[in-house]
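Student:
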Amino acid sequence: MKVVVDRSKCTALGNCETVKPDYFEVNDDGELVLLREDVPEAERAAVEEAIAACPTGALSLQE
Amino acid sequence: MTTSVSPHHVVVVGGGLAGLRAVEAARRAGFAGKLTLIGEETEPPYDRPPLSKEFLTDPAAAVPYYDGAAALTTELDVDMLLGDPATGLDVAEKVIMCGDRVVPYDSLLVATGVTARRIPGTDQLAGVHVLRTLSDARAIRAALDDGARSIVVVGAGFVGSEVASAARQRGLDVTIVEAQATLLTRSVGQSAGRALAALHARHDTDLRCGVTVERFEGGGRVEAVVLSDGSRISADLVVVGIGADPATEWLDGSGVPVDDGVVCDPTLRAADGVWAAGDVARWYSPDFERHIRVEHWTNAAEQAAHAMRNLLRPDAATPYRHIPYFWSDWYGQRIQFAGLPVGDPEVVSGAWDANAFVALYRDDDRLVGTLTLNRQGDIMKYRRLIAQRASWDEALEFAAKRQAALGAAC
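Protein chains in written order, with the working numbering: chain Z, 1 to 63; chain H, 1 to 410.
1. The alpha helix (DSSP H) that contains T370(H), what's its start and end?
2. Do you know offhand how far G370(H)'s Cα is from A408(H)'s?
3. From A142(H), G30(H), F357(H), pick the residue whose C-alpha is nearest to that of Q376(H); which is it?
4. Is there a Cβ of chain H sitting closer than 8 Å to that of V4(Z), yes or no?
5. Applying a beta-carbon distance threshold of less than 7 Å, which residues of chain H neighbour E17(Z)?
6. For T87(H) versus M97(H), is the C-beta distance shorter than 8 Å?
7. Indicate whether at least one CB of chain H lies closer than 8 Å to the CB of A53(Z).
8. For V226(H) and A126(H), what's the separation of their Cα atoms in angstroms?
9. As a quick exercise: from Q190(H), E43(H), L109(H), pick the residue whose alpha carbon is nearest that of D413(H).
10. I'd like to know if A12(Z) contacts chain H, where contact means its C-beta is closer than 8 Å to some C-beta of that chain.
11. Taking R48(H) as the reference, give the member of P314(H), N355(H), H296(H), L406(H) with the closest Cα.
12. Please report how far the alpha carbon of D22(Z) lies from the alpha carbon of K401(H), in whole angstroms.
13. Starting from W377(H), find everything on chain Z with Cβ-Cβ shorter than 9 Å and list it in chain order.
14. W327(H) versus chain Z: which residues are under 7 Å apart at the beta carbon?
15. Note the first and the last residue of the continuous beta strand (DSSP E) segment covering S135(H).
16. On the CB-based measure, 16 or more other CB atoms within 10 Å of its CB, does L59(Z) come out buried or exposed?
17. With three or more C-beta pairs closer than 8 Å as the rule, is the segment 198-210 of chain H touching the segment 322-337 of chain H?
18. In the DSSP assignment, what residue or residues form a beta bridge with W330(H)?
19. Tell me whether the beta-carbon of G218(H) lies closer than 8 Å to the beta-carbon of A224(H).
20. Please list, in chain order, the residues of the segment 277-309 of chain H that have any C-beta partner in chain Z closer than 9 Å.
21. For A276(H), write down the residues that DSSP places opposite it in a beta bridge.
22. Residues of chain Z with CB under 9 Å from R383(H), in chain order?
23. Indicate the three-state DSSP secondary structure (helix, strand or coil) for C98(H) in the structure shown.
24. Going by the beta-carbon positions, is the gap between G210(H) and G155(H) smaller than 8 Å?
25. Please list, in chain order, all residues of the same chain as G30(Z) whose beta carbon is under 8 Å from its beta carbon, the five residues on each side excluded.
26. Using only the alpha-carbon positions, how far apart do L76(H) and A305(H) sit?
27. Is DSSP giving G57(Z) helix, strand or coil here?
28. Quick one: which chain Z residues come within Cβ less than 8 Å of P314(H)?
29. Would you say P324(H) and G339(H) are within 8 Å of each other, going by their C-beta atoms?
30. Using a Cβ-Cβ distance cut-off of 8 Å, determine whether G49(H) contacts chain Z.
31. Alpha helix (DSSP H) containing W297(H): first to last residue?
32. Check whether the Cβ atoms of D365(H) and W392(H) sit closer than 8 Å, and answer yes or no.
33. Determine the contact status of L37(H) and V78(H), defining contact as a CB-CB distance below 8 Å.
34. Just how far apart, CA to CA, sit Q124(H) and Y105(H)?
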């Protein structure tokens with residue numbers, strides 16, 4: 001499974017970074033950086049929480 | 001040993017983000033009983049932040065319904081009672097009065113949000129709007145589409161400022177009337193309020209502080225606004241953004257504790273079988289050791305899910321830990337805030353009159369808040385520090401490190 005960012009929706013509000021800072025970070029240029037893409041099953045629930053935290057619906061999981 | 005029995009019938013009152021997230025969380029937690037959502041508006045749940053932003057600037061912007069709204073009655077098997085507000089609650093009989101219905105419940109989650117304050121006597125005057133609901137936003141957008149030329153925004157809060165920004169983007173003459181001497185003093189402190197006021201000035205919005213609206217002129221439709229200093233401003237559109245009050249009237253006399261919101265313990269429980277979440281909830285925050293109530297998207301989403309999980313398993317209820325966070329976009333500039341705005345903040349990077357800054361708020365020796373302008377890479381790092389109860393010295397140390405890294409990158 002991979003986490004995917006829809007760049008047309010992401011405005012780098014950073015909610016995902018609070019939930020899962022080992023996956024998501026907003027950099028000093030104001031862009032969301034994916035620190036990791038692959039989501040092992042054990043991490044799935046936590047990453048889904050980060051996805052649900054996104055106010056612009058920019059994140060999703062891809063099988 | 002068994003855990004407490006889950007309620008058979010859970011009712012969520014409130015059809016906004018908190019209501020939506022609450023019912024989603026119930027099903028995700030495996031609740032298989034009857035689930036009812038009561039919403040005052042006929043609309044399915046929709047997203048509010050865009051209503052004062054792109055929904056106003058872009059005439060073609062679609063209504064921002066939530067993706068999950070369509071699945072409510074189908075996949076989630078939620079009984080939707082839309083179109084009537086709840087008007088009363090009887091906790092002894094465990095029933096909610098709603099229109100001409102009496103809705104029984106085993107457990108109740110209150111998520112009725114807030115209601116925009118209006119200026120008395122303006123109900124019959126066309127062209128004067130508040131902005132809280134989709135129908136408010138539609139009316140304002142229609143006025144903009146119909147060629148409104150000048151707008152007066154009453155109240156320089158975040159909603160009013162976003163409306164001003166949207167109207168400038170559409171080329172209108174914009175005047176903001178603010179009763180206080182500085183805008184947003186209670187939300188961000190005085191120095192920061194002055195810095196944000198400068199954004200309006202830089203974008204040719206006429207901000208008038210320390211004056212109030214004396215009266216509106218116009219027969220049936222607003223034509224001008226007369227201020228307490230005697231000045232008169234022509235306006236074909238007025239948007240009133242003077243705050244909002246928790247929607248708790250329906251709880252009067254019910255015994256559910258209300259004091260500027262539904263008063264909750266750290267687990268979001270308000271009374272026996274009654275829980276609350278979102279803009280309406282004033283909960284005891286373990287993070288700040290005081291009762292707080294916030295009107296933010298992020299809190300509504302997270303708090304509602306937490307409250308529902310606790311409601312379903314009261315014996316295993318956990319405290320709600322949350323550092324408030326909100327954002328606001330003015331003239332393409334991103335303002336972000338995390339924590340609590342205690343006192344007057346101190347700038348640790350950039351400058352008040354610059355296009356970007358980071359400012360920190362302290363409560364005694366503790367970092368409690370951060371405000372940033374166009375510094376999106378900073379806000380969540382400070383939010384984490386606030387959650388970790390960083391001291392003021394630790395915060396300054398972190399700021400110095402960030403500053404050095406920024407300097408090295410230039």
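Using N, Cα and C, we set each Cβ at its ideal position, and we do this for glycine too.
Tutor: On the basis of the coordinates in this document:
1. Here the question's residue 370(H) lines up with position 370 in the second sequence. Where T370(H) is concerned, there is no enclosing alpha helix (DSSP H), although the beta strand (DSSP E) it sits in stretches over 366-373.
2. Numbered from its first residue, the second sequence carries residue 370(H) at position 370. Numbered from its first residue, the second sequence carries residue 408(H) at position 408. Before going on, a small fix: residue 370(H) reads as Thr here, not Gly. Those two C-alpha atoms are separated by around 23 Å.
3. Within the second sequence, residue 376(H) is the residue found at index 376, counting from 1. Out of A142(H), G30(H), F357(H), F357(H) has the C-alpha closest to the C-alpha of Q376(H).
4. Start at 1 with the first residue of the first sequence, and residue 4(Z) comes out as number 4. With 8 Å as the cut-off, V4(Z) does not count as an interface residue toward chain H.
5. Position 17 of the first sequence, counted from the start, is the residue given in the question as residue 17(Z). Near E17(Z) (Cβ distances below 7 Å), the residues of chain H are M380.
6. In the second sequence, residue 87(H) corresponds to position 87, counting from 1. In the second sequence, residue 97(H) corresponds to position 97, counting from 1. Going by C-beta atoms, T87(H) is nearer than 8 Å to M97(H).
7. Your numbering for residue 53(Z) matches position 53 in the first sequence. Yes, A53(Z) counts as interfacial toward chain H.
8. Against the second sequence, residue 226(H) aligns to sequence position 226. Against the second sequence, residue 126(H) aligns to sequence position 126. Near 16 Å, if we compare the C-alpha coordinates of A126(H) and V226(H).
9. The first residue shown for chain H is 1 and the last is 410, placing residue 413(H) beyond what the model contains.
10. Indexing the first sequence from 1 puts residue 12(Z) at position 12. Closer than 8 Å to some Cβ of chain H, the Cβ of A12(Z) qualifies, so yes.
11. Against the second sequence, residue 48(H) aligns to sequence position 48. The shortest C-alpha separation from R48(H) is found at H296(H).
12. To locate residue 22(Z), count along the first sequence from 1; it is residue 22. To locate residue 401(H), count along the second sequence from 1; it is residue 401. So the two alpha carbons sit approximately 20 Å from each other.
13. Within the second sequence, residue 377(H) is the residue found at index 377, counting from 1. Note that residue 377(H) is Gly in the sequence shown, not Trp. Those are A12, G14, E25, V26, N27, D28, D29, G30, E31, listed as they occur along chain Z.
14. Working through the second sequence from its first residue, we reach residue 327(H) at position 327. Neighbours of W327(H) on chain Z, chain order: L13.
15. In the second sequence, counting from the first residue as 1, residue 135(H) sits at position 135. First-last for S135(H): 134-145, but that is the alpha helix (DSSP H), not the beta strand (DSSP E).
16. Residue numbering aside, residue 59(Z) sits at position 59 when the first sequence is read from its first letter. Buried, by the Cβ-count rule.
17. yes
18. For the purposes of this step, residue 330(H) is taken as residue 330 along the second sequence, with counting starting at 1. Beta-bridge pairing links W330(H) to Q333(H).
19. As a first step, residue 218(H) must be located in the second sequence, where it is residue number 218. As a first step, residue 224(H) must be located in the second sequence, where it is residue number 224. Yes; because the gap between Cβ atoms is below 8 Å, this pair is in contact.
20. W297, T298, A301, E302, A305
21. Here residue 276(H) refers to the residue found at position 276 of the second sequence. The partner list for A276(H) (beta bridge, DSSP) reads V110(H).
22. Position 383 of the second sequence holds residue 383(H). In chain order: G14, E17, T18.
23. In the second sequence, residue 98(H) corresponds to position 98, counting from 1. DSSP places C98(H) in strand when its eight states are reduced to three.
24. For the purposes of this step, residue 210(H) is identified with residue 210 of the second sequence, where counting begins at 1. For the purposes of this step, residue 155(H) is identified with residue 155 of the second sequence, where counting begins at 1. Not in contact: G210(H) and G155(H) (Cβ atoms no closer than 8 Å).
25. The residue given as residue 30(Z) occupies position 30 in the first sequence. Taking C-beta separations shorter than 8 Å and ignoring five residues to either side along the sequence, the partners of G30(Z) in its chain run A12, following chain order.
26. Indexing the second sequence from 1 puts residue 76(H) at position 76. Indexing the second sequence from 1 puts residue 305(H) at position 305. Taking the straight line from one Cα to the other gives about 15 Å.
27. In the first sequence, counting from the first residue as 1, residue 57(Z) sits at position 57. Here DSSP, grouped into helix, strand and coil, assigns G57(Z) to coil.
28. Against the second sequence, residue 314(H) aligns to sequence position 314. Going along chain Z, no residue has its Cβ under 8 Å from P314(H), so there is no contact; the nearest lies around 22 Å.
29. For the purposes of this step, residue 324(H) is taken as the residue at position 324 of the second sequence. For the purposes of this step, residue 339(H) is taken as the residue at position 339 of the second sequence. Yes, Cβ-Cβ distance for P324(H) and G339(H) is below 8 Å.
30. Within the second sequence, residue 49(H) is the residue found at index 49, counting from 1. The sequence given here has Pro at residue 49(H), not Gly. Taking Cβ atoms only, chain Z reaches closer than 8 Å to P49(H), which makes this a yes.
31. The residue labelled residue 297(H) in the question sits at position 297 within the second sequence. That run of the alpha helix (DSSP H) goes 297-312.
32. By 1-based counting over the second sequence, the position of residue 365(H) is 365. By 1-based counting over the second sequence, the position of residue 392(H) is 392. Contact flag set, yes.
33. For this step, residue 37(H) is matched to residue 37 along the second sequence. For this step, residue 78(H) is matched to residue 78 along the second sequence. Yes, the Cβ-Cβ distance between L37(H) and V78(H) is below 8 Å.
34. Indexing the second sequence from 1 puts residue 124(H) at position 124. Indexing the second sequence from 1 puts residue 105(H) at position 105. Near 38 Å, if we compare the C-alpha coordinates of Y105(H) and Q124(H).
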